[in-house]
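Q: Taken in order, these protein sequences are the chains called A and B.
Position 15 of the first sequence, counting from 1, maps to 14 under numbering that gives the first Met the number 0, and the rest follow consecutively.
Position 232 of the second sequence, counting from 1, maps to 231 under numbering that gives the first Met the number 0, and the rest follow consecutively.
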Amino acid sequence: MDAGAVGIGLRAQHYAELLERRPALAFVEVHSENYFGAGGAALAWLERTRAIYPLSLHGVGLSLGSWDPLDTGHLERLRGLVQRFEPAFVSEHLSWSSVGGRHANDLLPLPLDEEAIRHVAGRIGQAQEFLGRELLVENVSAYVRLGESAMPEWEFVSEVARRSGCRLLLDVNNIWVNAANHGFDPDHYLEAIAPELVAEIHLAGFERTQDLLVDTHGAPVAEEVWGLYARAIARFGARPTLIEWDTDLPALDVLLAEAARAGAVAA
Amino acid sequence: MSLESLQRRFLDAVLAAPEPADARLAVYHRSARMNRGGALAQAYPVVQRLVGEAFFGEAAARFGDAFPSRSGDLHAYGAEFATFLARYPHASRLDYLPDVARLEWAVHEARHAPEGEAFDFAGLGAVPAQDVGLVRIRLRPSVRLVASEHPILAIWEANQEGCDGTPAIVEGGQRVAVGRTRSLEVVPMALAAGEWALLQAFARGATIAAAAAECERAGEALEPALRGLVTRELLGGFEAAAR
Numbered sequence: 000m001d002a003g004a005v006g007i008g009l010r011a012q013h014y015a016e017l018l019e020r021r022p023a024l025a026f027v028e029v030h031s032e033n034y035f036g037a038g039g040a041a042l043a044w045l046e047r048t049r050a051i052y053p054l055s056l057h058g059v060g061l062s063l064g065s066w067d068p069l070d071t072g073h074l075e076r077l078r079g080l081v082q083r084f085e086p087a088f089v090s091e092h093l094s095w096s097s098v099g100g101r102h103a104n105d106l107l108p109l110p111l112d113e114e115a116i117r118h119v120a121g122r123i124g125q126a127q128e129f130l131g132r133e134l135l136v137e138n139v140s141a142y143v144r145l146g147e148s149a150m151p152e153w154e155f156v157s158e159v160a161r162r163s164g165c166r167l168l169l170d171v172n173n174i175w176v177n178a179a180n181h182g183f184d185p186d187h188y189l190e191a192i193a194p195e196l197v198a199e200i201h202l203a204g205f206e207r208t209q210d211l212l213v214d215t216h217g218a219p220v221a222e223e224v225w226g227l228y229a230r231a232i233a234r235f236g237a238r239p240t241l242i243e244w245d246t247d248l249p250a251l252d253v254l255l256a257e258a259a260r261a262g263a264v265a266a
Numbered sequence: 000m001s002l003e004s005l006q007r008r009f010l011d012a013v014l015a016a017p018e019p020a021d022a023r024l025a026v027y028h029r030s031a032r033m034n035r036g037g038a039l040a041q042a043y044p045v046v047q048r049l050v051g052e053a054f055f056g057e058a059a060a061r062f063g064d065a066f067p068s069r070s071g072d073l074h075a076y077g078a079e080f081a082t083f084l085a086r087y088p089h090a091s092r093l094d095y096l097p098d099v100a101r102l103e104w105a106v107h108e109a110r111h112a113p114e115g116e117a118f119d120f121a122g123l124g125a126v127p128a129q130d131v132g133l134v135r136i137r138l139r140p141s142v143r144l145v146a147s148e149h150p151i152l153a154i155w156e157a158n159q160e161g162c163d164g165t166p167a168i169v170e171g172g173q174r175v176a177v178g179r180t181r182s183l184e185v186v187p188m189a190l191a192a193g194e195w196a197l198l199q200a201f202a203r204g205a206t207i208a209a210a211a212a213e214c215e216r217a218g219e220a221l222e223p224a225l226r227g228l229v230t231r232e233l234l235g236g237f238e239a240a241a242r
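1) Are any of the Cβ atoms in chain B nearer than 7 Å to that of V213/A?
2) Per the DSSP calculation, T240/A is bridged to which residue(s)?
3) Taking the alpha carbon of V156/A as the point to measure from, which residue in L93/A, Q12/A and A263/A has its own alpha carbon closest?
4) On the three-state DSSP scale, how would you describe P194/A?
5) Check each candidate in R226/B, A196/B, A209/B and T180/B and name the one with the smallest Cα separation from A217/B.
6) In angstroms with no decimal places, state the Cα-to-Cα distance between G178/B and W155/B.
7) For my contact list, A191/A and E154/A are in at a C-beta cut-off of 8 Å; report their separation, rounded to the angstrom.
8) State the CB to CB distance for the pair L24/A and Y34/A, rounded to an integer number of angstroms; the pair is presumed to be in contact (CB under 8 Å).
9) I'd like the list of long-range same chain contacts for E158/A, defined as Cβ closer than 7 Å, with 5 residues on each side in sequence excluded.
10) Are there 16 or more other CB atoms within 10 angstroms of the CB of F120/B, so buried, or fewer, so exposed?
11) What residue range is occupied by the uninterrupted beta strand (DSSP E) comprising E137/A?
12) On the DSSP bridge list, what partners appear for S97/A?
13) If you compare alpha carbons, which of Q82/A, H102/A and S96/A is closest to F129/A?
14) Enumerated in chain order, which unbroken segments of the alpha helix (DSSP H) with a length of 4 residues or greater are wholly contained in the stretch 64 to 132 of chain B?
15) If we count the other Cβ atoms within 10 Å of its Cβ and call it buried at 16 or more, is T240/A buried or exposed?
16) Shorter than 7 Å from the beta carbon of H73/A to some beta carbon of chain B?
17) Mark E18/B as exposed unless 16 or more other C-beta atoms lie within 10 angstroms of its C-beta, in which case mark it buried.
18) Could you say which of L196/A, V197/A, A198/A and V213/A lies nearest to G204/A if we only look at CA atoms?
19) Is I242/A closer than 7 Å to I51/A when the C-beta atoms are compared?
20) CA-CA distance, C162/B and G51/B?
21) Taking L106/A as the reference, give the member of L39/B, V13/B and G37/B with the closest Cα.
22) State the start and end residues of the unbroken alpha helix (DSSP H) segment that holds F235/A.
23) In the DSSP assignment, what residue or residues form a beta bridge with Q173/B?
24) Any Cβ of chain B within less than 7 Å of the Cβ of A221/A?
25) If you reduce the DSSP assignment to three classes, tell me which class F26/A lands in.
26) Can you name the residues that DSSP bridges to A189/B?
27) Looking at the structure shown, is F155/A part of a helix, part of a strand, or coil, going by DSSP?
28) Quick check: what's the CA-CA separation for G131/A versus A146/B?
29) Quick check: the Cα distance between Q199/B and F55/B, rounded to an integer number of angstroms?
30) At a CB-CB cut-off below 7 Å, which residues of chain A make contact with F9/B?
31) If contacts are defined as beta-carbon pairs under 8 Å, then H74/B and H28/B qualify, I think. What distance do you get, rounded to the angstrom?
32) Check V264/A in the structure and name its three-state DSSP category.
33) If distances are taken between C-alpha atoms only, which option among L134/A, P22/A, T208/A and L61/A comes closest to V5/A?
34) Would you please state the rounded distance, in angstroms, between the beta carbons of R162/A and L196/A? I believe it to be under 8 Å.
35) Is DSSP giving L211/A helix, strand or coil here?
36) Using DSSP's beta-bridge definition, name the partner residues of L56/A.
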């Protein structure tokens, strides 16, 4: 995929309009689990979309960092999608969602320590082997630090990528949110990430509560995050970039305008 | 503390019934509950409309406490909601609610079911006449059967988008088959007694001869009932008798 490629996260509400208008987008990204069914309309829509746009499969439920065994049923369904739709990217989160068989269905933070690195890097390796292709892993927004969390997040993320042999889906908004919530310099984070590790970038909106920034994917990309994105591109070079929006989904045109803005930054 | 213990303790706090006092932990508690509640609302829009958002939100939270999510795929979440509602004291006066929920779960499952084969007219026509009675017809994989002593389909239809919630007048209960059209639209439809008996028999793997007997016991002739099921695309392939 072209380094300056810009895409949007595609949700069911926008299928019909997207296929009718066919706006110029370099790719679309969908949540893998929304297509885990064996048949039906969702898969048929994805098929029609894939005939027009390159695709990125973005998972939210694999629970990569969990202490439980990897869910091979989940991986099998993902592999089925990968084989059928031949996506440009397959990505998941550097987090966990379940333990002891119970799922929070949310992206929970890993402790930033050696045990977690070893554990999750091994699991990423297993998943990549199972899928027969590279898995990009995304840095998540975190509101608490688990355990001792002895190292800075950028070290943790880089080390996981190095040991598992995967590259990163760098979410610039999550860096901004974590910098505010945990008190570090977001530019320092960017400087610590090796450019060759960054395969894709995510941009999304956060919302502010009393003392926290919360990564809700329900707002426009913040001005501060646009600034950080421009500095990320200056450091890493242009990277395929995606606008994510999941809650309070706006009109398709709003997403397209955000995508156009990202394209202008990367140009 | 080991990674496993850290995760177990953290998950307990995230899934605990009361919201944690710690504001940062509470972000996870709310977000996890919102993700699960949202999935439940997507599978059960009619139940939500019948009881209102506030009631539904509270019921969804209590459901989550009683039936934790077991999958990273939220489409699998909520199968036991009808069972939960049947025992939920605040819904005890809405005696039709659990059956409406069963119908909605059937619709939800039908949306994601495999396509399966269409009814094979030519193949069935080629079966020697003396063997037709031994044929076993399969239901399409998307077909679900829900019977209730309440008019659940009338309630379901009246609470679709653009409808005002007033159900058509139906005496007594309804037998409903949920099917999926060629354009992948999921449609629940009311069945007559004979059609229901036929589908039930086919679902169990009965032969045409045995199914016909049940259809007739329900007071209907085989042929019109069978034709009704074929027209509504509820039937799939078949197995001829092993000779």
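Glycine included, every Cβ here is placed at the ideal spot set by N, Cα and C.
A: With the structure as the only source:
1) yes
2) V5/A and I200/A
3) L93/A
4) helix
5) A196/B
6) 15 Å
7) 7 Å
8) The pair is not a contact, with the Cβ atoms about 19 Å apart (cut-off 8 Å).
9) I116
10) exposed
11) L135 to E137
12) H102/A
13) Q82/A
14) 80 to 86, 96 to 111 and 120 to 124
15) buried
16) yes
17) exposed
18) V213/A
19) no
20) 16 Å
21) V13/B
22) E222 to F235
23) S147/B
24) no
25) strand
26) V175/B
27) helix
28) 46 Å
29) 33 Å
30) L107 and L145
31) So it is not a contact: roughly 23 Å between Cβ atoms.
32) helix
33) P22/A
34) No, R162/A and L196/A are not in contact; Cβ-Cβ is about 12 Å, not under 8 Å.
35) coil
36) V29/A and V89/A
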